[in-house]
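In what follows, a structure is listed as structure tokens, so that the remarks can point back to it.
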Amino acid sequence: MEIIALPAEMQRWSEAARGRGQTIAFVPTMGFLHEGHLTLMREGRRRASLLVSSLFVNPTQFGPNEDFSRYPRNFERDCAMMSEVPVDVLFAPEPDVMYPPGSQTWVDVSEVTKGLCGAHRAGHFRGVTTIVAKLFNIVNPHVALFGEKDYQQLRAIERMVQDLNFPIVIVPVPIVREPDGLAMSSRNAYLSAGQRKNALALSGALRAAGDAFQAGARQPRELVEAARRWLAKTPEIEVEYVEAVDAKTLDAVDRIERPVVVAIAARLGPTRLIDNMVFAPE
30 MEIIALPAEM QRWSEAARGR GQTIAFVPTM GFLHEGHLTL MREGRRRASL
80 LVSSLFVNPT QFGPNEDFSR YPRNFERDCA MMSEVPVDVL FAPEPDVMYP
130 PGSQTWVDVS EVTKGLCGAH RAGHFRGVTT IVAKLFNIVN PHVALFGEKD
180 YQQLRAIERM VQDLNFPIVI VPVPIVREPD GLAMSSRNAY LSAGQRKNAL
230 ALSGALRAAG DAFQAGARQP RELVEAARRW LAKTPEIEVE YVEAVDAKTL
280 DAVDRIERPV VVAIAARLGP TRLIDNMVFA PE
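Just so we're aligned, residue 30 is where the sequence shown starts under this note's numbering, counting upward by one.
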């Protein structure tokens, strides 16, 4: 696996690959990889002749009181895992290369980022869409893969690609879960054994919403109430939000006539976890 740190060098590599008629799949990451990341990479491996990944803990998507400084990092472990896929090129820049002095341009997807996590993490999605736009311009891929666990992020990136005419196919990849149902996340590393057990309340709450849906519930509030009742069984969890919104636009709906996503954000101690599930009427 080749490791590239400079944007101009990455751009030259991609230009040469395209000149040879090769296609490029891209999986951006913040590192501390797990099976969810590797699933994205394997799918990218299948969809193009070359696979590029990036590793960059993006400071602009963290708020002032969030976990940027303690976000888990293990570069050597990540490189070993990528090499097993295998990844052809890892783009691993430093922050001062991605945000040189004098940088003042942002990419802001305004509407789809207003609710859910956007209502609780000011500036987060502006940081996400800005760095992804930069990475797209540097890596110049044909296809890019994103996990559905970060559901609002996925929708924001899809909107950005459409609005700004990026010639890139965005491929959503389903959530990868542990055998007990916990959605895989780099932040799971923060959890103690007891917190890890309590974290199962999120996937349990989504299953409870699913049971209500299967039983005929067609008002979003009924799914939300079912999920909240389940979460209330675990008092250690501090619920940030539980919402059921249109699965494409993320707008509020009065009745479930199209697919909806039930999304949850909650904290266990200082650790913030998210999960979601989509329900589609026949």
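Cβ coordinates follow ideal geometry from the N, Cα and C atoms, glycine included. Computed from a prediction, not measured in an experiment: that's the story for all the values here.
A distance below 6 Å between beta-carbons, with the five flanking residues on each side excluded, links A255 to the following residues of its chain, in chain order: A237, A238, A241. When the five nearest sequence neighbours on each side are left out, the beta carbons in the same chain lying within less than 8 Å of the beta carbon of V126 are those of A34, L35, P36, in order along the chain. Note that the stretch 54–66 touches the stretch 170–178; at least 3 beta-carbon pairs, one per stretch, sit closer than 8 Å. Taking R47 as the centre and dropping the five residues before and after it, the same chain places the C-beta of I53, N169 closer than 8 Å to its C-beta, in chain order.
Boundaries of the alpha helix (DSSP H) around G223: 222–227.
With respect to the C-alpha of A294, the residue from F308, Q243, L260 having the closest C-alpha is L260.
Short of 6 Å from the beta carbon of A212, and not among the five residues preceding or following it, lie these beta carbons of its own chain, in chain order: K178, I204, R206, D304. The alpha carbon of L79 has as its nearest neighbour, out of G50, N94, D107, the alpha carbon of G50. For the pair R284 and R257, the CB atoms are not nearer than the 8 Å cut-off. In this chain, the beta strand (DSSP E) harbouring R301 covers 300–308. For S43, the uninterrupted alpha helix (DSSP H) run begins and ends at 36–48, by DSSP. S83: member of the beta strand (DSSP E) spanning 79–84, first to last residue. Within 10 angstroms of the beta-carbon of S139 lie fewer than 16 other beta-carbons, which makes it exposed. In terms of Cα proximity to A218, the closest of P299, Q133, F308, H153 is P299. The residue from R188, F165, I199, E267 with its alpha-carbon nearest to that of N227 is E267. DSSP, reduced to helix, strand and coil, places I186 within a helical segment of the structure shown. With contacts defined as CB atoms closer than 8 Å, M30 and V116 qualify as a contacting pair. Assigned with DSSP and collapsed to three states, R71 falls in helix. For G176, the uninterrupted beta strand (DSSP E) segment begins and ends at 172–176. For secondary structure counted as the beta strand (DSSP E) over 3 or more consecutive residues, the stretch 113–185 holds these complete runs in sequence order: 118–120, 172–176. I199 sits close to I186, with the two beta carbons spaced by under 8 Å. The stretch 207–260 is shown to contain whole alpha helix (DSSP H) runs of 4 or more residues at 222–227, 229–243, 249–260, in chain order. Excluding its 5 nearest sequence neighbours in each direction, Q224 has C-beta neighbours in its own chain below 8 Å: E265, L297, G298, T300, listed in chain order. Contact check for D137 against R150 fails: the beta carbons are separated by 8 Å or more. Contact annotation, A276 with V290: C-beta distance approximately 4 Å; criterion of less than 8 Å satisfied. In the displayed model, A54 falls within a strand according to three-state DSSP. The residues V141, G144, L145, Q181, R184, in chain order, have a CB closer than 7 Å to that of L279 in the same chain once the five nearest residues on each side in sequence are set aside. If you ignore the 5 residues before and after I160, its C-beta comes within less than 6 Å of the C-beta of N87, all in its own chain and listed in chain order. With contacts defined as CB atoms closer than 8 Å, A230 and T263 qualify as a contacting pair.
The C-alpha of R99 lies about 16 Å from the C-alpha of S221.
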